[in-house]
Structures are given as structure tokens and as C-alpha cells.
Amino acid sequence: MAQATTTGSGQTWPSKPISLIVPFPAGGTTDVLARAVGLELSKAVGQPVIVENKPGAGATLGADYVTKAKPDGHTLLMGAVHHTIATSVYRKLPYDFQKDLAPISTVALVPNVLVVNPNVPAKNVKELLALAKAEPGKLTYGSNGNGTGQHLIGAQFEGMAGVQILHVPYKGSGPLTVDLLGGQITMSFDTITPVLPQIKSGKLRALAVTTIKRSPALPDVPTLDEAGLKGFDLGTWFGILAPAATPKEIVTRLNTELVKIINSAEFRKKMADIGAEPIGNTSEQMARQIKDDTERFAKLVKDAKVSIE
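Residues 2 to 310 in the numbering used here are what the sequence shown spells out, letter by letter.
Structure (C-alpha cells):
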């Protein structure tokens, strides 16, 4: 039976349903992971976990909502690497991602994958680059929004390959994948999860994964490093955060429950099926990861000249 946690001020947690905010529309990796985690977390703490989608502005609207929520452990954010990038991309954010949110645990890392519509006459990265160089600016790539991981991966790809590809921002993976399948855009660098079924059915063609190691979900697909863009290594992590002033007892309890969930055989199998690699670290490790990524992406953002007012 689920045990309640009592804070130093005598408050009992959880005392009502928990809102898990997803800063993207339904259907993308953030949403899929949030629903998988929420289902198990609700069993562990004895209260429903309700996933709420609050998309917009490269995932920053949802993050801002959580920073302003009551810090009582009943409003959580399904954050992602996108938030560490947004810190450098957006000139005026209404919150500080490192100061205004308390990291709880990283749930999983999901490699990104370069996929093209099958009508694109390129069977590998070399052929795609030849197409891009032949007609600069004609090819297009979609992303989950300005300042997201997919946007930066696309910018990094352009820079390292010396090509010009038009960036088309979307609000999330759902609408992006629809247009990619329909041929409205040429390619995307989305996470594996939303495009894996289409890759397996042949509706999309995977050319390369963006992490330094191949993905177990797509073992026959080379990395961009193997395809000639040496040292290319960018993936997308996802994790749970709470408003910064959330009592330590609640953060500790949430971390304990989440790590148990993430390490369970059932959850790990669920993650493998969608191309996600489970993590389940400490709050301190997640905080360090956020700090390191914020610094790393600040340099990449500056080099790629990506900026949004």
C-alpha cells in the first residue's frame, strides 16, 4: 500500500492528484514517456497522475507554468534537453531553468535519428549531402520548435557538413511527423520514439542516428560519426522536475519511487520497445547534467548563431 510522506511543516503528500506537465502536444516522445511514468507513479504514491499537455515556444511555456506552480509536489514537469538549449537560444525567458526548478531524476535518453521521406532520392548521408549541396536551401528539416534539440541538431548538421537546409519549426512531433510522411518537408532529426513505427514499416527512411553509439532499436542504422561527420554526438534526455521550493522530503520520495519504476524490468522493456535507454539517476546527478548541458549548448548555440527574441 502506498505510504504518504509528511514534510517538516506537517503537510502530507500526496494529498490530491498530481499534474505532470508535458511542454509538447500529445504523441511525441516527451508525452509517451510522461504517460508511461505517470501510470506507474500513480500506483506507487496512491494518487492519480494526470498528464497535461502545455505546448509552445520550444517547450518553455510548460516549464514556465511549473516554475510558477505551488511547490507542494502536486505539479511536476517532464523536462528535456530542450530546456538546457532554450536557456541560450531565448534572450528573455521568464524563468531560470537551473534556479527555479528542482531536478528529481532523469528518466531516459533517446537518440535522435535523421529520417527522410522515401521519395527523397538519397539512400545514405553522403547522397543526402550531395543533394543539399546541389541545391542550397531547397531541402527542409522539421523540428519540435525553435530552440529545441532537433533544431540545434539540424543547425549542427548544417555547420559540420557545410550545407544549407531550411528549418521548419513545429509545436511537436505529432504534426511534424504528419508533414514528413506527407512529403511537405524533406527530413527531420526527431527522437527515435515517434518515428520508429514508420521506419519499420518503410514509410520513412532512417539514414543515421545522432549519438556517438548506434541505437539498439536501430542496430543497422549508422551514426552520423560513422557517416563522416566525425565527433557528432547529440541525443535527447528526458526527466522529472518540480518547482524549486518543493520540500526536500517530497523530492527525495519522488526520486526513490521514480528510480524504482525506471529500474523495473517491465518499464525497461517498455523503454526498449520505443527506442529509449532508461537512466534513473539521483537529483544531484540530474542537476549536474543540466549544468553541463547548459554550458555545452551555450557554445553550440553561439557557433550556430541560433537566437530568438
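All C-beta atoms, glycine included, are put in the ideal place defined by N, C-alpha and C.
> With distances taken between CB atoms, is the gap from A109 to M287 smaller than 7 angstroms?
Replying inline: Between A109 and M287, the C-beta spacing is not below 7 angstroms.
>> Looking at S106: is its Cβ nearer than 7 angstroms to the Cβ of V302?
In response: If you check the CB distance, S106 and V302 do not come in under 7 angstroms.
>> On the criterion of 16 or more Cβ atoms from any shown chain inside 10 Å, does V33 qualify as buried, or is it exposed?
In response: Around the beta carbon of V33, 16 or more other beta carbons sit within 10 angstroms, so the residue counts as buried.
>> I need the boundaries of the alpha helix (DSSP H) containing T253, first residue and last residue.
In response: Note, T253: alpha helix (DSSP H), 249-264.
> Anyone know if the C-beta pair for F298 and I22 falls short of 7 angstroms?
Replying inline: In this structure, the beta-carbon distance from F298 to I22 does not fall below 7 angstroms.
> Distance, Cα to Cα, K134 vs A218?
Replying inline: Note on geometry: alpha-carbon atoms of K134 and A218 lie some 31 angstroms from one another.
> Using 8 angstroms as the Cβ pair cut-off and three pairs as the minimum, do the segment 137-153 and the segment 189-198 touch?
Replying inline: In the pairwise beta carbon analysis, the segment 137-153 is classified as touching the segment 189-198: at least three pairs are separated by under 8 angstroms.
> How far does the alpha helix (DSSP H) with A243 in it reach, from first residue to last?
Replying inline: DSSP places A243 in no alpha helix (DSSP H) but in the uninterrupted beta strand (DSSP E) bounded by 236-244.
>> So for Y66, helix, strand or coil by DSSP?
In response: Collapsing the DSSP output to three states places Y66 in a helix.
> What is the rounded straight-line gap between the Cα of D180 and the Cα of S16?
Replying inline: Roughly 43 angstroms separates the two Cα atoms.
>> Suppose you measure from the CA of S216 to the CA of Q12; what does that come to, to the nearest Å?
In response: CA-CA distance, S216 to Q12, rounds to 44 angstroms.
>> Can you tell me whether H152 is helix, strand or coil according to DSSP?
In response: For H152, the three-state secondary structure derived from DSSP is helix.
> Helix, strand or coil: which one does DSSP assign to L225?
Replying inline: In the displayed model, L225 falls within coil according to three-state DSSP, outside both helix and strand.
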